[in-house]
Amino acid sequence: DKVLEHLDPLVHDSWKVYLATTRAREWALYRSHSHQLLAAHQGAPRACEALWKAGYTWDTLVADVRKAVANCHECQMGKPFAREPAQPLVRKRNSGRFTNIQLDFMCKPNDSKLGGFPETSPGGWQYLCVVVDEGTRVALATPSFSTSTRDVIQALLQWCACYGIPSIIQMDMAGAHQSRELAMFLRMMGISLRAGLPRRPESQGLVERLIRDIKSSIRCAQADRRGHCNPWWSAALVAVMLHNHATLYDTHISPHELATGAPSPGL
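Under full-length UniProt numbering, the residues of the sequence shown are numbered 1 to 267, in order.
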């Protein structure tokens, strides 16, 4: 019905809606990059994939997305780390689905650093317990009041309820992770503990990088110049959602699709 379509066999094998006007392209860039709940200032590769999955294209799509991300004020304020070099597309460790997981805690950011009024989550919790599967890269973030042994066990039980009991869990050796109660729980569940080093990507890089991305998403949400600030707890959970539904570079499939076998709806 009077919609211009375009097919580029070098990129995708399906027809896409061709956006010919500047207004339509600006809306698409907002939807794929700046939207607080659906994009949360994701990077250029993920933004391009989001546009293609949504069924949109135009001649200068990749260049326009890169320019928009490079000139984004919120991204410059919220992502203070250097650009990462290109990583090899071959995984060093090919784990089975839901056999090896990594776990770590993320603390609520300091209100003085975020600016504005102090924010309180719906349940008053101050931490997120982040769990990532090494095989599918799918992640789960559970609210926690502390980093105690019970919070670790609660997060593991929620993970087991969703994806089954893993064989190996990797955590840094904090005090709560070396407790007798946790050791007894892991032994009863048949889970082996693999020690990792805190804040060392070479040790448990999956969960460390995800926590970094979550914190960047929170900072970007608070740096919005239009005043559309997303609460820190909402921005954190949105970042986990985007991680699960973003296409992986090596498999060209999202963690959600690897975990469930179903396409990512709406993203």
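Ideal placement from N, C-alpha and C gives every residue a C-beta, glycine not left out.
Query - Same chain, Cβ closer than 8 Å to Gly43, neighbours up to 5 away in sequence not counted - result: Position 43 of the sequence shown, counting from 1, holds the residue named residue 43. Cβ within range, chain order: Val69.
Query - Endpoints, alpha helix (DSSP H) assigned at Phe105 - result: On the sequence shown, position 105 is the one that residue 105 refers to. Not the alpha helix (DSSP H): Phe105 falls in the beta strand (DSSP E), residues Asn100 to Cys107.
Query raised in the report: What is the DSSP secondary structure of Asp250, reduced to helix, strand or coil?
Result: For the purposes of this step, residue 250 is identified with residue 250 of the sequence shown, where counting begins at 1. DSSP places Asp250 in coil when its eight states are reduced to three.
Query raised in the report: Under the rule that 16 or more other beta-carbon atoms within 10 Å means buried, what is Glu134, buried or exposed?
Result: Numbered from its first residue, the sequence shown carries residue 134 at position 134. Residue burial is scored here from C-beta neighbours: Glu134 has at least 16 other C-beta atoms within 10 angstroms and is therefore classed as buried.
Query - Arg137 classed as buried or exposed, judged by whether at least 16 other C-beta atoms fall within 10 angstroms - result: Here the question's residue 137 lines up with position 137 in the sequence shown. Buried, by the Cβ-count rule.
Query raised in the report: Under a Cβ-count criterion, where at least 16 other Cβ atoms within 10 Å of its own Cβ denotes burial, should Ile211 be classed as buried or exposed?
Result: Position 211 of the sequence shown, counting from 1, holds the residue named residue 211. It is buried - the Cβ of Ile211 has at least 16 other Cβ atoms within 10 Å.
Query raised in the report: Which first and last residues belong to the beta strand (DSSP E) in which Met171 is found?
Result: On the sequence shown, residue 171 is found 171 positions in, with the first residue counted as 1. Counting along the chain, the beta strand (DSSP E) containing Met171 begins and ends at Ile168 to Asp172.
Requested in this report: Apply the 10 Å Cβ neighbour rule to His73 and answer buried if 16 or more other Cβ atoms are within range, or exposed otherwise.
Outcome: Numbered from its first residue, the sequence shown carries residue 73 at position 73. Flag for His73 reads exposed.
Query raised in the report: Is it the case that the Cβ atoms of Val240 and Ala174 are separated by a distance below 8 Å?
Result: Counting from 1 along the sequence shown, the entry for residue 240 is found at position 240. Counting from 1 along the sequence shown, the entry for residue 174 is found at position 174. Ala174 is positioned such that its CB atom lies no closer than 8 Å to that of Val240.
**Report entry** Inter-residue spacing [alpha-carbon to alpha-carbon] between Lys16 and Arg180
**Finding:** Taking the first residue of the sequence shown as position 1, residue 16 is located at position 16. Taking the first residue of the sequence shown as position 1, residue 180 is located at position 180. Near 57 Å, if we compare the C-alpha coordinates of Arg180 and Lys16.
Query raised in the report: How long is the line joining the alpha carbons of Leu186 and Leu156, rounded to whole angstroms?
Result: Here residue 186 is taken as the residue at index 186 of the sequence shown, counted from 1. Here residue 156 is taken as the residue at index 156 of the sequence shown, counted from 1. Using only the alpha carbons, I get a separation of about 10 Å.
Report task. Take Arg25 as the anchor and find which of His41, Trp58 and Leu193 has the nearest alpha-carbon. Result -> Indexing the sequence shown from 1 puts residue 25 at position 25. Checking every option, the nearest Cα to that of Arg25 belongs to Trp58.
Query raised in the report: For Glu5, does the count of other Cβ atoms within 10 angstroms reach 16, so buried, or fall short, so exposed?
Result: Numbered from 1 along the sequence shown, position 5 holds the residue referred to as residue 5. Classification of Glu5: exposed, given that the 10 Å Cβ count is below 16.
Requested in this report: Kindly indicate which three-state DSSP category Ala259 falls into: helix, strand or coil?
Outcome: Counting from 1 along the sequence shown, the entry for residue 259 is found at position 259. Here Ala259 sits in helix by DSSP.
Query raised in the report: Is the beta carbon of Thr99 sitting closer than 8 Å to the one on Ile168?
Result: As a first step, residue 99 must be located in the sequence shown, where it is residue number 99. As a first step, residue 168 must be located in the sequence shown, where it is residue number 168. Yes. Within cutoff.
Query raised in the report: Is the distance from the Cβ of Asp104 to the Cβ of Met171 below 8 Å?
Result: Taking the sequence shown and counting its residues from 1, one reaches residue 104 at position 104. Taking the sequence shown and counting its residues from 1, one reaches residue 171 at position 171. Going by C-beta atoms, Asp104 is nearer than 8 Å to Met171.
Query raised in the report: Looking at the unbroken alpha helix (DSSP H) that takes in Pro45, where does it start and where does it end?
Result: Here residue 45 is taken as the residue at index 45 of the sequence shown, counted from 1. Looking at the DSSP string, the run of the alpha helix (DSSP H) that includes Pro45 is Ala44 to Ala54.
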